[in-house]
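Below: one structure, written as structure tokens.
2 protein chains.
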Amino acid sequence: MNAEIIAVGSEMLAGDRLDTNSLYLTAELNKLGVEVVFKCVVGDDRDRLAAQVRESLGRSPILILSGGLGPTEDDVTRDAVAKALGRTLHFDEGIAEWLKQRFAAAKRTMAEVNKRQAYVIEGAQILANHRGTAPGQWVEEAGAVAVLLPGPPHELKAMFQSECLPRLEKLVPKQAIRALFWRVAGMGESDLDQLIAPVYKKYTNPVTTILAAAGDIQIHLRARCATEAEADSLLAEVAAPIAELLGDRIYSRNGDPLEVVVGELLHAAGATVSVAESATGGMLGERFTTAPGSSRYFLGGFITYSDAIKAKLLGVSPETLAEHGAVSRETAIAMAEGARRLTGSTYALSITGAAGPEPGTDTVPKGTMYIGLADAEGSLALHRQFLGDRQYARGFAVQTALDVLRRRLTGRS
Amino acid sequence: MNAEIIAVGSEMLAGDRLDTNSLYLTAELNKLGVEVVFKCVVGDDRDRLAAQVRESLGRSPILILSGGLGPTEDDVTRDAVAKALGRTLHFDEGIAEWLKQRFAAAKRTMAEVNKRQAYVIEGAQILANHRGTAPGQWVEEAGAVAVLLPGPPHELKAMFQSECLPRLEKLVPKQAIRALFWRVAGMGESDLDQLIAPVYKKYTNPVTTILAAAGDIQIHLRARCATEAEADSLLAEVAAPIAELLGDRIYSRNGDPLEVVVGELLHAAGATVSVAESATGGMLGERFTTAPGSSRYFLGGFITYSDAIKAKLLGVSPETLAEHGAVSRETAIAMAEGARRLTGSTYALSITGAAGPEPGTDTVPKGTMYIGLADAEGSLALHRQFLGDRQYARGFAVQTALDVLRRRLTGRS
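Heads up: the sequence lines are chains A and B, in that order. Under the working numbering, residues 1 to 413 are what the first sequence spells out, in order. Under the working numbering, residues 1001 to 1413 are what the second sequence spells out, in order.
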């Protein structure tokens, strides 16, 4: 079953404000098995809003509007929905009396303008507002429903829980929803899609969504069925072959980011890690320490941006730098070994590269990165060539370094 | 003149993700005097998107779409706009070749699926993408224009600046718009607003917008008049008293971020800097090295997360750590002095603190941060108590460290 959401208010069309009510409403609707297929922000314009209400109700059986129920001329939602449905508004004495008493209880006089909030769309059910002065409305029309909710989030949430949910539960066919959320490291988006599309394209249920950031891809699968058992089995049918194709490139099956996954592996192994960063300038250390509790396994490390500092702090030999250059497999390994020796950590990771925007050289073009790992068993370094700008290449290198350590900790490299 | 914005992507219809590109686009359009009257999110559904494109182009002369230009089946924007306008798509050999070369330059093979990105709507102008693989498109139809931009924010912003703005400026009726963009360090948002609101609240033109992040506040003033002279004089009338109230807390008058301002001061002075980071774990180094060309003044430094590593790498004395603790003025100073001594930098900055989420202790509550600075004249350390979560406290501490160095470099501390 589909739903749409309209946020009403010109202030949400400015450059510094977003409609966040729709996030709450979407999460609640999804729990019922209802999918949000469209959402929009309309300014305080009665005709434009009425047109959108007609459009949305014409294609989706549930429409939720937030905002525009206040007492001023700018508050156009009641008028616009009535217009869209070709219905009249009537003055509700009960609401007017309730409003008057509410103001009296607060020892305030009600402004005449507040009476606007007592107008109800012909045939609508009134949704009580226990947190403010704007009642909501529930209007059914030709198998669809428009729900008018107040804009202030605490009023909207309270009204949704006590007044809307019970009504929606009666409306929506019972459905079971089961979802998977995996994260994958070490692949580009198009490579991953090419690999797994032949599996998931065969299904419209479960729905598959793929989101990509530098070196980090999220795969969401969501199955909707009549029973939980059916949903589970449908999900497994798609998830199993995807899992087989991706193998150990899946680093998280609960949504945890890579620094948390690696941190837990380190902690479980009673191991520690240190870093030696050139091109990323501290970004890898920053990632490790984003996770609360990282002091259990992260010791620290070195930011060695210049060649002289690589030699002085980490003991990278001038010969290595002269012969192979600062951006090389040999320097990456010397950096990791230096960090491990000086901190006494179980593992050490290093990153050296040319992030750009300078174009680099023939042997070291922009986007070249070497990622080093040292431990008691020895050292290794990976070479990667990244596309994209400076921040993208740096972010992807950090993600790769974390993944190299994950593989080492799980016995895969 | 009115505009509408459509964000394309099913992932932005989930309960945990908002379209933020529209904020950037709105701010840019507003600068041109263009008002955004409607915005929406449409999932990866070709027919629904085509219907919305027809609707929007029917009532507003500017329509901007973001997202859905990637290489996968899910990327429906090209198809949907072509369908809405009743036009065909043609395969552009030039784009295909450019894509191939882009992959070749990175020594990677282009996946077949990437060729989808070479399809262009009949009659469309191609908008170059210097940050990614999805070209944009500019399609005019019956006095209106549809602009197709890529979804990743850094690609969208770069393309908007270089490809869209010049075209939009020709389209939009001339208004004289003069703007100021200042950045302020070292103040909270409410303190700043309390200080300058009595000035700017008196004016609706220029429009004043205040945007706040941790330790970094942006002040935008925009005057719109018939002539440039009028706009200039109106702007000066408001800007002068605000500048007087804020004084040297304004660190940038051209929008440059603090690490760029400090980097230019260091470079101009022929000076270098190193860092010693505990609670921020590399975040300060990462900030310095975000600026291209930072190798001219940034040498590197130390991430010393544990006490033992503070002693071992930086030479912080065990007595200092035992007597005053790792989160103390004394340790901050010893860390900065150690980094300076070991790297030979002109200046050294240090950060040590308790970022949370652990509540901390009575003497060192969560959010306590010490920021140290060492140079040839001696050392100092500042104490700050930040509110907010772990990332907020860390970000504010980094901003404070950069500002301490700015003040030292400009003779203010």
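The beta carbon of each residue, even a glycine, is placed where N, CA and C say it ideally should be.
In chain order, what residues of the same chain lie with their CB nearer than 6 angstroms to the CB of residue i, ignoring the 5 residues before and after it?
i	result
A:Val-113	Pro-71
B:Val-1262	Leu-1402, Leu-1405 and Arg-1406
B:Ser-1056	Glu-1004 and Leu-1063
A:Arg-287	Glu-259 and Val-398
B:Asp-1044	Ser-1010, Asp-1074 and Val-1076
B:Gln-1218	Arg-1183 and Leu-1211
A:Gly-255	Phe-181
Contact criterion: CB-CB distance below 8 angstroms. Does residue i meet it with respect to chain A?
i	result
B:Arg-1102	yes
B:Met-1001	no
B:Val-1275	yes
B:His-1154	yes
B:Arg-1131	yes
B:Leu-1013	yes
B:Ser-1010	yes
B:Val-1042	yes
B:Leu-1284	yes
B:Gly-1281	yes
Counting only beta-carbon atoms, is residue i nearer than 8 angstroms to chain B?
i	result
A:Lys-157	no
A:Ile-250	no
A:Asn-21	no
A:Gly-388	yes
A:Ser-60	no
A:Phe-160	no
A:Thr-204	no
A:Thr-209	yes
A:Asp-16	yes
A:Met-187	no
A:Arg-253	no
A:Lys-174	no
A:Ala-128	no
Spatial neighbours of residue i within its chain, please: CB distance less than 7 angstroms, with the 5 preceding and 5 following residues excluded, ordered by chain position.
i	result
A:Ala-124	Gln-137, Trp-138 and Val-139
B:Ala-1212	Glu-1189
A:Ala-158	His-130 and Arg-131
A:Pro-318	Ala-311
B:Met-1110	Leu-1099, Lys-1100 and Phe-1103
Name the residue from the options whose alpha carbon lies nearest to the alpha carbon of residue i.
i	options	result
B:Pro-1150	B:Leu-1168, B:Ser-1345 and B:Ala-1128	B:Ala-1128
A:Val-316	A:Ala-276, A:Gln-391 and A:Gly-247	A:Ala-276
B:Val-1207	B:Arg-1287, B:Ile-1250 and B:Ala-1231	B:Ala-1231
A:Leu-171	A:Val-145, A:Val-184 and A:Leu-195	A:Val-145
A:Gly-285	B:Gly-1300, B:Gly-1293, B:Ser-1294 and B:Ala-1271	B:Gly-1300
A:Ala-185	A:Arg-253, A:Val-36 and A:Gly-15	A:Arg-253
B:Thr-1304	A:Ser-295, A:Tyr-305 and A:Asp-307	A:Ser-295
If I measure Cβ to Cβ from residue i and keep anything under 8 angstroms in the same chain, skipping five residues before and after, which residues do I get?
i	result
A:Pro-153	Thr-20, Asn-21 and Tyr-24
A:Ser-379	Ile-333, Ala-336, Glu-337, Gly-372 and Leu-373
A:Ala-226	Lys-174, Gln-175 and Ala-176
Quick check: residue i and residue j, are their CB atoms within less than 8 angstroms of each other?
i	j	result
B:Ser-1278	B:Thr-1352	yes
B:Ser-1066	B:Leu-1156	yes
B:Met-1283	A:Gly-282	yes
A:Phe-298	A:Val-273	yes
A:Ala-355	A:Val-364	no
B:Ala-1082	B:Arg-1054	no
A:Pro-61	A:Met-1	yes
B:Ala-1332	B:Ala-1381	yes
A:Arg-416	A:Ala-223	Because residue 416 of chain A is not part of the residues shown, which for chain A are 1 to 413, the question remains open.
B:Gly-1367	B:Ala-1336	no
B:Ala-1007	B:Ala-1050	no
A:Ile-250	A:Ala-243	yes
B:Asp-1375	B:Thr-1346	yes
B:Leu-1069	B:Ala-1134	yes
B:Lys-1039	A:Val-199	no
A:Leu-29	A:Val-37	no
A:Pro-357	A:Asp-389	yes
A:His-220	A:Thr-209	yes
Q: Could you name the residues of the stretch 348-369 of chain A whose beta carbon sits closer than 8 angstroms to any beta carbon of chain B, in the order they occur along the chain?
A: Gly-356, Pro-357, Glu-358, Pro-365 and Gly-367
(Q) Tell me which residues of the stretch 1286-1320 of chain B have at least one Cβ-Cβ distance to chain A shorter than 9 angstroms, keeping chain order. (A) Glu-1286, Arg-1287, Phe-1288, Thr-1289, Thr-1290, Pro-1292, Gly-1293, Ser-1294, Ser-1295, Phe-1298, Leu-1299, Gly-1300, Gly-1301, Phe-1302, Ile-1303, Thr-1304, Tyr-1305, Ser-1306, Ala-1308, Ile-1309, Lys-1310, Lys-1312 and Leu-1313
Q | Residues of the stretch 1025-1040 of chain B whose Cβ lies closer than 7 angstroms to any Cβ of chain A, in chain order | A | From the stretch 1025-1040 of chain B, only Thr-1026, Ala-1027, Asn-1030, Val-1036, Val-1037, Phe-1038, Lys-1039 and Cys-1040 have a Cβ closer than 7 angstroms to chain A.
Q: Check distances from the C-beta atoms of the stretch 1072-1083 of chain B to those of chain A and list, in chain order, the residues that come in under 8 angstroms.
A: Thr-1072, Glu-1073 and Asp-1074
Q) Which residues, in chain order, does the stretch 326-345 of chain A contribute to contact with chain B at a C-beta distance below 7 angstroms? A) Leu-342 and Thr-343
Q. Using a beta-carbon distance cut-off of less than 9 angstroms, what residues from the stretch 1084-1113 of chain B approach chain A?
A. Arg-1102, Phe-1103, Ala-1105, Ala-1106, Lys-1107, Arg-1108, Met-1110, Ala-1111, Glu-1112 and Val-1113
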